[in-house]
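Number of protein chains: 2
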Amino acid sequence: MTDIFVVVGGDAAGMSAASKAKRDDPDLEVVVFEKGEWVSYGACGLPYYVKGEIQSLEALVSVTPEEFREERDIDLRTGHEVVAIDPDERTVTAESESGSVVQSYDHLLLATGAEAVVPPIDGIDREGVYTLGSMSDGKELREYVARAREGESLQQPDRGPACRYLEDCTGPVGIVGGGYIGLEMAEALAANGFEVHLFQRGDRVLTGFSEATSEAVADHLREQDVVVYLESEVVALEGGEADEDEEKDSAVETVVAADERVDVEMVLVGTGVRPRTDLAEAAGIDLGPTGAVATDAYRETNVPDVYAAGDCAEATHTVTGDPVYVPLALTANRHGRAIGQTVAGQLTEGGAVAGTAAVKAFEVEAARTGILDHDDAREAGFEPVTETIDAKSRAGYYPKGGTVTVTLTADRDSGRVLGASLVSEYGEGAVHRSHAIVGALEAEATVFELENYDLAYAPPFNTTWDPVLVAAKVLAGKLR
Amino acid sequence: MTDIFVVVGGDAAGMSAASKAKRDDPDLEVVVFEKGEWVSYGACGLPYYVKGEIQSLEALVSVTPEEFREERDIDLRTGHEVVAIDPDERTVTAESESGSVVQSYDHLLLATGAEAVVPPIDGIDREGVYTLGSMSDGKELREYVARAREGESLQQPDRGPACRYLEDCTGPVGIVGGGYIGLEMAEALAANGFEVHLFQRGDRVLTGFSEATSEAVADHLREQDVVVYLESEVVALEGGEADEDEEKDSAVETVVAADERVDVEMVLVGTGVRPRTDLAEAAGIDLGPTGAVATDAYRETNVPDVYAAGDCAEATHTVTGDPVYVPLALTANRHGRAIGQTVAGQLTEGGAVAGTAAVKAFEVEAARTGILDHDDAREAGFEPVTETIDAKSRAGYYPKGGTVTVTLTADRDSGRVLGASLVSEYGEGAVHRSHAIVGALEAEATVFELENYDLAYAPPFNTTWDPVLVAAKVLAGKLR
């Protein structure tokens, strides 16, 4: 009898699992329930769509629903929201416009993703306040940008005819949060002529990166005329009084932060995401210490044959071996694929995550991996030592080039590399150079080993010692 | 009593060792004998000097002789050629314009470098035939280019006034050898208006790289109007008959290859280098199987307290553990530095080499590392399996971007990664992405581990699965 593999959620983890399972075992019946209409889309590309560098939302879709259905023979049901799981009966219940269906499963994957955190800010529901988590969010933001470029601001809907230059049309906007989305959207909005005000609650942007990286990025944002407010928690988004007739609050007009009041025409809130776990919890599936769904090395939950992957699930940290919540695209793809392979009969671990992440903002690029925070390192039983170096991105005599700043952290006793953060001008390779550190983390290498890595060298690409090696050399010297 | 550390050769290995030893043990007396006038120079930058992207030879010097002498307190004696070593007496004899000196040593480093291989081609001594190994070679080539750009060709010294455009002034030139120097000089000469004819004895350029890389690079050379001749061994460089009065052969006029005769105005010979070992051999120091000076893990030779490093010495291969001869800059720096540290009292291994190399040619970049050749792999006891993939360098929807072609080789039984070769448009990251593979080689990782590396991802830098991971995934699938 044919096994049935049911997947809840049709984005990276879900569709990777469905595709791999079906490819490896064509006899398997694979059913995917997706609440919305979009599947397998690159949410990471949304800022570039809003910016206008990508012309259609469809371009973000790597495989269309039709291709999944027709070419991959996957029973993909969009517009179907799974509302209940019965692990004893091995069924899920899904609702759609045409009613409710009960679907049995032999293997189940929860790939319900994450949702934008909506911070408890007074006025957050006002018109003109956006988040960027879904395709429809992206669509709305792009439409807002288009309207604003035509002079149709929310506050001054009649400004249009008067604005001759882009800067006259597009007014000041506020961004709440200095993480990936905040920075990428700062670039996207500034490119469209908006004056960007970025509010960060903590004392630096990109808090998961090193301080040196945060400072380099913040300096660059300011060079690009982004107004950066640090230690500036937004407490309210004020607007005009709503008409009594209208149900919705009136549009946002002012960002009120700790020590600032800034008039704006729109606000983008990018304060992180949290895992969607309601369905799992209701089915008695355990969450882990991070609040995401707990899984083992095969991404199986405490309920047999029920897996969880992607932005709703925990992963295992490469360095500590502890559960972590790092909702990023590669992990979703990788774990989804591994689950698909397992379901198809070949037991496969999806691998650990090092918390590696990359971001471009205007003309800088940055990457981080592993453990950088000293408290985190100590909690994991290490005695962290950190060095930061600046090095040239190409041979000193080679034209162009810039600076790569590398922060490297290692354990004092063992010398083991724990983490790194790199930043450079865009195109000078901070991100791809981080590949070397990831290799070292995966290998549990020491800085004494890392400094001897035989990395590629030629004058157009680095100095004889790549910046990564310079950092290792300096940190190794400190530990000897 | 103060120890004396004598270094023979003042380039990368020698000066790295001298500097490190003196820094770690300021009481040490450090004496460096350098035959020429230049020390610590970036020979890798010479093609860019000839091209005209670097304006002075001095720019290639990272530390000047004065700085070594005055700031680093190193007794640097340029213009001194060491002609003999007496290991029993622990002395070296050096000759200079002012006579001969005998210098005793407690520790000795041979860093005599390599010299360009001059292939046995009839007419190779003709005027207009160049190699590019030394600063003076670079100077001569640059002068040639400058003269040619003024219309003063060797064959038509009076063409100058007639040539209005650069292409009219600079005629066809021949390059013998399709390795790093050949490719970099093709770029340098083409940028100066020369019509470049590149002759390669074997059936592909960059023979140490994968076939896919070689083909991509050759295709690109042709797109750039370089005429590439494969399987085309140059057998003679013909010229006019020499005047009886003149001692030197007349200038080169024609490259004669297997099936070709091409008229040229100059020829650049870039057919590799060989280690300078005469001094070592004469002193009874063993050479290894590669013909370079044999050393142990500390780069010490069979003669106690005599070390060898850089382009005259063997290294140990990361993958096989066997002696190899890979005369590249990073190894020289790294081993020199390790020896300096050892001499200063802290026994230090310089680490192995994976044969990692990078090259830019026009608008492509390529890197290779580890073992790619199947015969080499079998000789080392592996059963090699290779896959080549093409992948996008950035997210498919992200503007710009190109293709990264990755060739990955692993051992069939163990899955261990043995080597890789990558090529992409310049700026699309083939070289820096190779850092991931080097990390895998250093870790003796399998492709099953490599495919799970948590590499950095964001749309401006890669697809969710970096091309390296795509290659690992495909190869792992083949091995499962």
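Chains as they are written, first to last, in full-length UniProt numbering: chain A, 1 to 480; chain B, 1 to 480.
Just so it is clear, CB atoms sit at the ideal spot from N, CA and C, and this is done for glycine as well.
Listed by chain order, chain A residues near residue i by CB distance under 9 Å
i: C44(B); result: A395, Y457, A458, P459 and T464
i: R299(B); result: Going along chain A, no residue has its Cβ under 9 Å from R299(B), so there is no contact; the nearest lies around 12 Å.
i: P399(B); result: Y48, E53 and I54
i: G350(B); result: N452
Residue i: contacting residues in chain B (beta-carbon distance under 7 Å)
i: A357(A); result: A456
i: N333(A); result: T464 and W465
i: A329(A); result: Y457 and T464
i: A59(A); result: Y397
Buried or exposed by the 16-neighbour rule on C-beta atoms within 10 Å, applied to residue i
i: V102(A); result: exposed
i: P161(A); result: Note that P161(A) has pLDDT 48, beneath the 50 cutoff, so the model's placement of it is unreliable and no number is given.
i: P47(B); result: buried
i: K400(B); result: exposed
i: A258(A); result: exposed
i: R378(B); result: exposed
i: T213(A); result: buried
i: Q200(A); result: buried
i: A146(A); result: exposed
i: Q341(A); result: buried
i: G99(B); result: exposed
i: E34(A); result: buried
i: T2(A); result: exposed
i: K473(B); result: buried
i: G70(A); result: According to the sequence provided, residue 70(A) is Glu. The question's Gly does not apply to it. Per the 10 Å Cβ criterion, exposed.
i: V118(A); result: exposed
i: L347(B); result: exposed
i: G9(A); result: buried
i: K51(A); result: buried
i: S56(B); result: exposed
Cβ pair residue i, residue j closer than 8 Å
i: V226(B); j: V196(B); result: yes
i: S424(B); j: E387(B); result: no
i: A344(B); j: A21(B); result: yes
i: V267(A); j: V129(A); result: yes
i: F5(A); j: D86(A); result: no
i: D311(A); j: A338(A); result: no
i: N452(A); j: G370(B); result: no
i: V63(A); j: M15(A); result: yes
i: E215(A); j: R204(A); result: yes
i: A456(A); j: V431(B); result: yes
i: G79(A); j: E67(A); result: no
i: V273(A); j: E115(A); result: yes
Listed by chain order, chain B residues near residue i by CB distance under 8 Å
i: G429(A); result: G429 and H432
i: T318(A); result: D454
i: T369(A); result: D454 and A456
Three-way DSSP call (helix, strand, coil) for residue i in this model
i: V323(B); result: It is worth fixing the name first, because residue 323(B) is Pro in this sequence and not Val. Looking at P323(B) - three-state DSSP - the assignment turns out to be strand.
i: T348(A); result: coil
i: T64(A); result: coil
i: S393(B); result: coil
i: A162(A); result: Low confidence applies here, because A162(A) scores a pLDDT of 47, under 50, leaving its location unreliable; read the following figure in that light. If DSSP states are grouped into helix, strand and coil, A162(A) belongs with the helices.
i: S210(A); result: coil
i: P460(B); result: coil
i: Q341(B); result: helix
i: H317(B); result: strand
i: K400(A); result: coil
i: V306(A); result: strand
i: D137(A); result: helix
i: G79(A); result: coil
i: T271(A); result: coil
Closer than 7 Å at the beta carbon, the chain A residues around residue i
i: K360(B); result: A458 and P460
i: V353(B); result: D454
Give, in chain order, every residue of the region 2-16 of chain B whose Cβ lies closer than 9 Å to some Cβ of chain A. Residues A12.
Using a Cβ cut-off of 7 Å, which residues of the region 435-449 of chain A contact any Cβ in chain B, in chain order? H435, A436, V438, G439, A440, E442, A443, A445 and E449
When you check each C-beta in the region 407-428 of chain A against every C-beta of chain B, which residues fall closer than 8 Å? Y426 and G427
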